[in-house]
Ligand code: ADP
Ligand code: MG
């Protein structure tokens with residue numbers, strides 16, 4: 001579903017991604033981890049074209065993201081993305097947050113968009129909050145709304161960039177629970193996270209990055225029992 005092939009990117013002289021290659025098969029969950037500044041956010045943003053690359057090829061659902069002729073807004077509508085800071089529209093109610101892009105981007109009727117949006121809101125356990133504004137919700141609730149909003153677009157894959165790292169500890173569990181459910185339902189997911197409990201539970205593979213390189217891309221079992229690189233061993237020792 002997601003194919004990243006020999007991707008490199010520079011900011012001026014600084015190489016932020018160096019010859020990165022990995023794939024996410026349909027229904028698979030790949031967790032991306034590594035030290036701060038290693039290029040995780042940049043890599044995941046290249047998948048939906050939020051970051052351009054100077055070398056290499058990226059495909060999502062066989063569409064070439066890295067082709068200048070590709071209609072990126074149309075492609076992005078098929079790829080759900082959830083960020084660290086929720087990024088809900090602050091001036092819109094939860095219900096309006098859930099429906100806006102369905103109507104504007106997918107051309108759904110208001111009625112259909114509301115029905116779908118509320119179905120996903122129910123799924124993340126927040127149906128009763130539909131009339132509230134984001135500022136009236138906790139961080140964990142806002143992130144669950146952001147996930148529901150992405151799902152309402154019927155994405156072929158979901159990208160998560162540290163979705164729990166801005167949350168108070170007591171709210172991390174409720175967001176991870178939604179993500180575990182998604183993974184178990186067969187959603188194709190690429191997840192930047194340091195939540196190794198989540199990774200152990202649902203990841204198929206772990207990608208470990210360091211200094212812009214994919215240092216390891218291994219099955220979960222191998223990563224946790226016997227990481228190949230010294231850097232990954234050090235990293236695991238620090239966070240577990
Ligand atoms: P991570 O998500 O692993 O913490 P990032 O992908 O955010 O890493 O950043 C990787 C490196 O690229 C960091 O050293 C960061 O400072 C640098 N970087 C990120 N965005 C820019 C930018 N717009 N211009 C210059 N350097 C950047
Ligand atoms: Mg990051």
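Residue numbers (UniProt numbering): 1 to 240.
Glycine residues also receive a C-beta, built at the ideal position from the N, C-alpha and C atoms.
The Cβ-Cβ distance between residue 102 and residue 123 does not fall below 8 Å. Short note on residue 52: C-beta not closer than 7 Å to any heavy atom of the ligand MG. Using a 10 angstroms sphere on the CB of residue 238, the tally of other CB atoms stays under 16, which defines it as exposed. In this structure, the straight-line span from the alpha carbon of residue 94 to that of residue 31 is close to 29 Å.
Close CB contacts of residue 212 within its chain, under the 6 Å cut and outside five residues either way in sequence, are with 15, 16, 17, 18 and 39 (chain order).
Between residue 72 and residue 49, the C-beta spacing is below 8 Å. In the structure shown, residue 147 adopts helical secondary structure according to DSSP, grouped into three states. Residue pairing by DSSP places residue 104 in no beta bridge whatsoever. With contacts defined as CB atoms closer than 8 Å, residue 225 and residue 216 fail to qualify as a contacting pair. Between residue 185 and residue 139, the C-beta spacing is not below 8 Å. In this structure, the CA atom of residue 20 is about 15 Å from the CA atom of residue 205.
Counting only runs of 4+ residues, the alpha helix (DSSP H) found wholly inside the region 18-79 occupies 40-47 and 72-76, in chain order. Around the beta carbon of residue 41, a 10 Å sphere encloses 16 or more other beta carbons of the protein chains shown; the residue is thus reported as buried. Nearest to residue 125 by C-alpha distance, out of 113, 141, 132 and 134, is 141.
Beta-bridge partners assigned by DSSP to residue 172: none are found. Comparing alpha carbon positions, the residue from 46, 33 and 129 closest to residue 92 is 129.
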